[in-house]
Each structure stands twice: as C-alpha cells, then as structure tokens.
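Read through the structure below, which is laid out as structure tokens, and then see the notes.
Number of protein chains: 2
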Amino acid sequence: MKNQICFLVFVLIIGTSGIFAQQNPQSAQKDKVLTGKFEEITRFALRDTFGYGLLRQVCSFGNRLSGSETLVKVEDFFIEKLKSMGLDSVYTQSTTTNNWKRGSVGRFTPVQSDEKFTIAAVGGSVGTNGVIKTKVIEVAGFDDLEAKKDQVKGKIVFYNFAFPQDVYDSFESYGPTGAYRWMGAIRAAKYGAVGVLIRSVASNFDDVPHTGSLGYFDSIPKIPAAALGVISAVKLSKFLSDPKNHNSDFEFEMDCRTEEPATVRNIIGEIKGSEFPDEVIVVGGHIDSWDVGEGAHDDGAGIVQAVETLHLIKKAGIKPKRTIRAVLFANEENGLAGGRFYGKSAAEEKVTHIAAIESDRGGFSPRGFSVASSPEVLGKIQAWLPYFLRTGIEWIQEGRDGADVSQIKNCSAIIGFVPDSQRYFDIHHSANDIFSAVNNRELELGSAAITILTVLISEFGL
Amino acid sequence: MKNQICFLVFVLIIGTSGIFAQQNPQSAQKDKVLTGKFEEITRFALRDTFGYGLLRQVCSFGNRLSGSETLVKVEDFFIEKLKSMGLDSVYTQSTTTNNWKRGSVGRFTPVQSDEKFTIAAVGGSVGTNGVIKTKVIEVAGFDDLEAKKDQVKGKIVFYNFAFPQDVYDSFESYGPTGAYRWMGAIRAAKYGAVGVLIRSVASNFDDVPHTGSLGYFDSIPKIPAAALGVISAVKLSKFLSDPKNHNSDFEFEMDCRTEEPATVRNIIGEIKGSEFPDEVIVVGGHIDSWDVGEGAHDDGAGIVQAVETLHLIKKAGIKPKRTIRAVLFANEENGLAGGRFYGKSAAEEKVTHIAAIESDRGGFSPRGFSVASSPEVLGKIQAWLPYFLRTGIEWIQEGRDGADVSQIKNCSAIIGFVPDSQRYFDIHHSANDIFSAVNNRELELGSAAITILTVLISEFGL
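Protein chains in written order, with the working numbering: chain R, 13 to 474; chain G, 13 to 474.
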C-alpha cells in the first residue's frame, strides 16, 4: 500500500504506452513475471540474510585501512567467496596508494590539570615529532580564524564547529563540518599554527572521536591534526573559557606517519550478460575502511550488498541480458586509488558501462536512488519506481553519489543508493561503526532494492 | 530535493486552485508563510531535541505498567511538565483497569539437564500455583496443534512459530505471530494442556523474551503462558528433538497474578483554538508500558511527541485556530481503559473531534501517515504532502492505526503516524526497549511531522 499516490500517478502518466501497458498482453505478462521475481528477491533477502551473514564475517576480521594486513585478508576472503558463487569470472586489479599508520601514541593533555580529552589523529596527519607543548586557541570557524589570525602563531588551533543538526538530510551537514577536517590544518598552518584540533564530525553526543581524511598543500607547512570526541570538544571549550586556564599549556603527541605506498586490490566478480555481454552494469562499494571500529556501515554494507546482488540474481534464477559486475573498490577513504584505477582501465579498454550503482551511505533503511544521467535516462529509471514499493524506496531523483563509480567515464547513469541518513554520522569513521550497529532488515532491504534496479537495467537497458 | 517527483505531480494536479495557488497572491503569501513556519518547526525539533530530552527523563523513572508505582510518578511528572508549559488547560481523567503483577518467580527448567531457557510471563497470565512438572509438546502452529490435539492433555504446549521476516512492513508479521500469544493459551487449554510457551514475537535473534497481552475465555480453563527468548525457543526445539530427551520432564513456575483493579489517569494538556475552540484535534500516545525495559519506543516516543507538538506550536508562535489537545492515554497495553474512557466521555459531552493523531509505532524515522476518513478528507490531507518534504514523510494513505484514538467516535479523521518499521519488533515489549534504542534525530523528525500535520488541520479544518 506504500507509495500508493506516486504509483497511481505513474500509472496515469505512463498510461498504456510504458511498462504497465495493459493493452499489450505480452508486455503485461512480462510485467507480472518481473513483479513476481522482485517480490521473490525481497523475500529471499529478508529471509536468508545472505548479506548480513557476510557482513558479520567481514567485520570479524577487524577494520581495513589501505596498507593493513587485515585488508589483505579481507581481499582474499572475498576472492574466495566470489569464486564459490559460480560466477562467470572473478578477478582483481592491483594498484598502489597511501599507506598511513595511526601509530600507538595519541594524546592531548593540559600540563597543569587532570582533565582528560579524547582524540584520534585525523587520517593522513603527520605526527607531532615528539611532544608539542604550547597553548590552544579556540575558533568558531574559518571566519573566526581570519579574525584571530594574528594570535595563532606557535599555537594549536581548535576548531569548535558543531555538526548542524537542524537539517533533514544529515549529508547536508557533512560538507560544512567536514571542511574543518579537510582544510583546517592548511588554513591554520598558513598563520603559523603548529597543530590543529577539530570537533568530531558527528551527529550524536558521545566522546568517540571520528577520523577521516585531511588535506595538505605542499606550499604550506604540514602540521598535525586530531579530532576531539564531541564531549571532549565541549569540555575543552569550557576549560579554555575559565580565566584560571587562560595561560594553560597543553601537550600534544601523536606518532602517526605515512609509510611506503601500499598495494591494494579492486575485487571483481561478474555474471556475463546473455544478450549484450559487452554492456556492463557495475554494482559496488568500497572494501577499505578507516582504522577504527569495523567499517560495518562504511562500507562493509556496500560491499556485501554488491556481492548479494550477484547472489540474489542467481538465487532467483535470472539470466541477465547484460553483464552484471560487482566491484569492491580499493582505497576510497584515503586516496580513491581503486576507483581511479578502475575508471582509467575501463577507459583504456573501452568498456561500455551503461550504469554504475554504488552503496556508500550505510546499510540503513532504503529511501531512494540518486541518478546522474541525461533527463531521458532519469525519466526511464523513475518510471520503474512502482517496482520498488516493497523495499522502502520512495523516490528516484537527479543527484550525484558514489565517489568510486563517479570515476567511470561515459557511463549512461551513475547511481547512488540513498538509505535513511539520520543515524549515519553517529557512527561514520568512528569506533561506533561496528557490526551491531547494522540492522539485518534494513541492510537486506537495501540489497533487494539494488538488485531490483540492477535487474531492471539489465532487462531493459538505458 | 526529496520527493521531487511527488511534489511536481502534486503541483501539476492541484494546479492553481489549491494551496499552491500562484495566481492568488494572498493565498501564495500564506503558503509561503506556512512553509517557513514548518521549516522553523523542523529546525527547532532537531536542534533543541525537547522531546528527546523529555524521553530521557521519562525512561529514567523505569517502566510504567498500569497499577505500578512508577506509572503514578510518571503521571505526576507529566502533569507538572504540562503545567509548566503555559497551556490553556491541563487536566486528568481517572478510571480503573487490570492490575497484573509479574511477581518474582519465572522459570522453565528441564528436570534432568542443565540446559537454561529464558522466559517471561505473558502479560495477564495466571501463575502456575506452585510448580508444574510435566512434559512439553512442540507444535509449529495452530494447524499442528489440531493434528496433535490428542497428545496435548496434561502437557505444556510450545508454539514454535517464527516471526515471518520476509515482508517489508514488519507489522504485517505481528498479526500471525501475535495470534499465538493472544489465543495460544485458550486453544491449548481446550485440549487439556496445563501451560503454554510461545516463541517471542520478535524480529531479531537474541534471547530477550518479549511479553504482551494474552486472552482467556471464561468458559475454558485459564492456564499459564510465557514467552521464550528466540534463542531459547530454538534451543528448546533442538532439545526436544533429541531422542534422549523424548521423555524429559520440565518444571514451570511463575507467581504472576492479577490484583485488585488499579486507578489510572489520562493526562491531558491543551491549547484553546482562537477561532474554533470547540473543534478539537487530539494528538496522543499511551503513557503506560509493559513492565520490562523502559517503554522508550512503546510508547514513550508517542507521548513525548504529543507533548512536543504543543511545545513546538508555542515555540513557533502559532496561535492555532482550533483546539489542540495532547492526550497521554492510560492503559493501552492491557485493557485500553484510557482510550475507552476518553471516547466514552467525549461522546457523552458531545465534543467535536475533527482529527485524532496517534503515534504508537515507535520513535523511528518518519515514513507516512495512515488515515481513516472519508475519501474527501483523505484527499485533502494527501494534498498537504509537499509540506512534509523535510521530515521524511513520503506518503499519506488510507489505513487504520492507533488503538487509543480509534475509541473516539464521529471523528473526521483517525490518523496514525507511521515511522520506519524495520527495527520495531527487535525491541517491542521487551527489555530491549530502552532509551538508548531511540535516535534523537529520528524521534524529533517524528515530532516535527506530527506538529506540521496538527497545524495544517488546525489552520484549514477537514
């Protein structure tokens, strides 16, 4: 009964000429068969929880940063898993990328107080090269930094910018908040700061720091950066505002570092198309994660949904007309080397990609799909909305998601799976992103929705 | 950008004659003002988390079964809270209802094995009156019970019916599974069973038993009933299928009982309508909960959303044209005495209810509203869908929800708030239903959506 309004409207608009053609018995029959298959796919997903079981195994390895031993083990695990699934081919693509290590030391402590602050190095940060002992200057944001630029030299800049809670789509808050993680060190170093602290990019209120990438410019000194847990950020702000602490010194010490480039692999499994084997539909996520938590939502969910898409297609006995290729992209988090390599190879080999779907917004309850394509292709995909009624997908709209698949050039449609965003930044890039934070039914509905879209594109083209 | 398709379609359908009338400057201006107010309401909800903070307080009291001391404390707490909010009136309605006590003993143990099984008495169950020592017979469901009816006498019937996972809307699985909790004791007692065990009505896989009401017929012996945790149910089935256990006896002991009727209160706070004070819009949930967990989603979420609706209307500076009445209904879980009393009083006093909205499906991410009304009224409410774009509400459709508000007769629209259902039966009626299972953003979007709907009805009538 969901989506009844939209459904009726679509039937109205499409009338008798589209996929609901009631006056064409052959087409109506085909539609009925498809609808039945899609219901079956959703039932299989929810009942068998293939993807959820796979995610449990993936998470049990631990987190998977590029260059880690665990990532190599998980790559091997997926190669074996895909080989066991009776696919037409399983292969890998190797490339090299950043090899950042958190190290074992990470502390930020006031010299003359017992107050504790929880930090995590921001990914890619240089170490402190021993202990930095200096004062901290708090700024509300970049404008405030500009206003205080003359007071910054030799100090640690603390960006206390809180995640804006008051918007519906939490990804809208990621841009403005993430800017401090990405650009904070560059902009503070320009004025002579020796270190940077950011308030974690987090929508919840706890003391678990959230990591993620930063940027450096070669022309500006590279200074160390760490994220404070939200509670620690609030505490630090209060501490600094107390007159008795105005001259407090802090010790800041981290031994994170970048080592020799690491080799990472895209893991690929595919079912060859029966009619148009040269037309490829990619369904993917990224296999790497940050080095905290278990990378369960980010992006364990995405990779198991990609693998489950192949599983569900086979389980439902569908012989796809076009080639379905699951790609577990390497190194999305700190380099995008896997996505870039895949895109470059595909261009060189002149592979025809008709669609590339990525799931990299967590394994939450399905909401919609974002599509980057021509208006005609978008319209064609939107007309399929009624097929998704029982998966939670309520809309299909123009948009751009999926850092990895966006590296594929000349693809008719770059599609992002968009689940409910409310809880994502509670767990994103943090120790909160563990298997138990994923709900089996939410994850599996995502797998079903992605599979249905994949089958529709395979069946009808774009 | 969400709901873009539906939005465009609505604009198309409604054209220039409805609430989007572009050719009527006055109407267009009013629409703009309303849209601004609704955005403000959503921002207030997400940023201030009034309801989430209130829920934290409610949950800190503990659970709130009718007849418990805690419920009385929470009733008093809400009376004081409502009185502090500057409303036009705050009052209560008292009635009496069932007063069931779980007691302190609840065990189900095999006589000749150390195997442990976790149980919780089903609400309303009689006690075992000492220890019942007998055999257990497992049945897959009622059909299987009929097939085995001659083997049931003197035994405990174990209904091992698993929650069907393979449907999108988890409430669809509640009916068939809940039937064993509600009717299991009656149907087994008919064939001479002396006790009943059900597999918990639960969508997840853990060992936390889920309680809830059962039914008894006066004409059939009342036998004790308990719910097994899902893992315990699986374990018991395995235990019973082992040939060496075929003659095992079990001890079943519970001292739950029904005491003298308890007095419970509906708690009511209202803002008087400025133009049509005699037209009442109820927004409600139920204040009681089961006696396990904290009743956070069921229905702490619903009552704080009702109170937050009043808060947000005042905070946004809205003077409602019609009377907005928040009702925290008593005793939904085991008697519906509060809802019945409210409905009866309203009929006697000839109160004109134009709408009654209930939130009793948990504090999860908003999805839609179900409406029981005439087609004309439904159409009017559906035309408001675009106002909900930034709350997650994606559809408004015919349906019936809200046990309490359904007791109100001659109400133009009985409306149920429908959040995402995927996680509800993981926590429902169990020790899993605690404050930390509620997400602040999900809960607050629900408050915003309910407030917007309330304001629209108040502004335009039905």
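Just so you know, even glycine gets a beta-carbon here, dropped at the ideal spot from N, CA and C.
Within chain R, the residues placing a beta-carbon under 7 Å from that of D178 (chain G) are R55, L58, R59, ordered along the chain. Going by beta carbons, E388 (chain G) and Y64 (chain G) fall outside the 8 Å limit. Against chain G, the CB of R211 (chain R) has no partner CB under 8 Å away; the residue lies outside that interface. Counting the other Cβ atoms within 10 Å of the Cβ of S231 (chain G) gives fewer than 16, which makes it exposed.
Contact annotation: the segment 317 to 332 of chain R touches the segment 54 to 63 of chain R, with at least three C-beta pairs closer than 8 Å. One Cα belongs to G48 (chain R), the other to S286 (chain R), and the distance between them is close to 21 Å. Think of a sphere of 7 Å around the beta carbon of D432 (chain R): the chain G residues whose beta carbon falls inside it are S377, D432, in chain order.
Setting aside the 5 residues that flank it on each side, T140 (chain G) is surrounded in the same chain by P236, F264, E265, M266, each with a C-beta closer than 6 Å to its C-beta; the list follows chain order. A direct Cα-to-Cα measurement between T335 (chain G) and V467 (chain R) gives close to 52 Å. Here T223 (chain G) is not near W112 (chain G), since their CB atoms are 8 Å or more apart.
Using a Cβ distance threshold of 8 Å, I439 (chain R) and H309 (chain R) count as a contacting pair.
Here D126 (chain R) is exposed. Its C-beta has fewer than 16 other C-beta atoms within 10 Å.
When C-beta atoms of the segment 191 to 199 of chain G are compared with those of the segment 445 to 465 of chain G, fewer than three pairs fall below 8 Å, so the two segments do not count as touching.
Judged by pairs of C-beta atoms under 8 Å, the segment 392 to 411 of chain G does not touch the segment 342 to 359 of chain G, as fewer than three such pairs exist.
Within chain G, the residues whose beta carbon sits less than 9 Å from that of T403 (chain R) are Y180, listed in sequence order. Closest option to T54 (chain G), judged by alpha-carbon separation, among G:K250, G:L77, G:A461: G:A461. Assigned with DSSP and collapsed to three states, L340 (chain G) falls in strand. By the Cβ-count criterion, F90 (chain R) is buried, with 16 or more other Cβ atoms from all chains shown falling within 10 Å of its own Cβ.
Within the model, the alpha-carbon separation for A205 (chain R) versus G187 (chain R) is close to 23 Å. Proximity of L457 (chain G) to chain R, defined by a Cβ-Cβ separation below 8 Å, is satisfied. If you check the CB distance, A238 (chain R) and F120 (chain R) come in under 8 Å. Residues of the segment 317 to 339 of chain G whose Cβ lies closer than 8 Å to any Cβ of chain R: none.
At a cut-off of 8 Å between beta-carbon atoms, R453 (chain R) makes contact with chain G. Cα atoms of V363 (chain R) and K284 (chain R): separation of roughly 14 Å, rounded to the nearest angstrom. Taken through DSSP and simplified to helix, strand or coil, E454 (chain G) comes out as helix.
Three or more beta-carbon pairs separated by less than 8 Å are not found between the segment 67 to 75 of chain G and the segment 412 to 429 of chain G, which leaves the two stretches without contact. Scanning its chain for C-beta atoms nearer than 7 Å, with the 5 sequence neighbours on each side dropped, one finds around R211 (chain G) the residues Y171, N172, F173, A174, L240, V242, A245, in chain order. In this structure, L465 (chain R) keeps its C-beta atom at 8 Å or more from the C-beta atom of I366 (chain R). G136 (chain R) and N278 (chain R) do not touch by the CB rule: their CB atoms are close to 21 Å apart, not below 8 Å. With respect to D100 (chain G), E282 (chain G) sits close: the two C-beta atoms are nearer than 8 Å. At a cut-off of 8 Å between beta carbons, S215 (chain G) contacts chain R. Pairing G115 (chain R) with T108 (chain R), the inter-Cα distance amounts to about 21 Å. As computed with DSSP, T146 (chain G) is found in a beta bridge with G:F262.
For H365 (chain G), the enclosing beta strand (DSSP E) starts and ends at 364 to 370.
Our two residues, F288 (chain G) and R435 (chain R), have alpha carbons roughly 40 Å apart in a direct line. Contacts with chain R (Cβ-Cβ distance below 9 Å) from the segment 391 to 425 of chain G involve Q394, L397, L401, R402, T403, G404, E406, W407, I408, Q409, E410, G411, listed in chain order.
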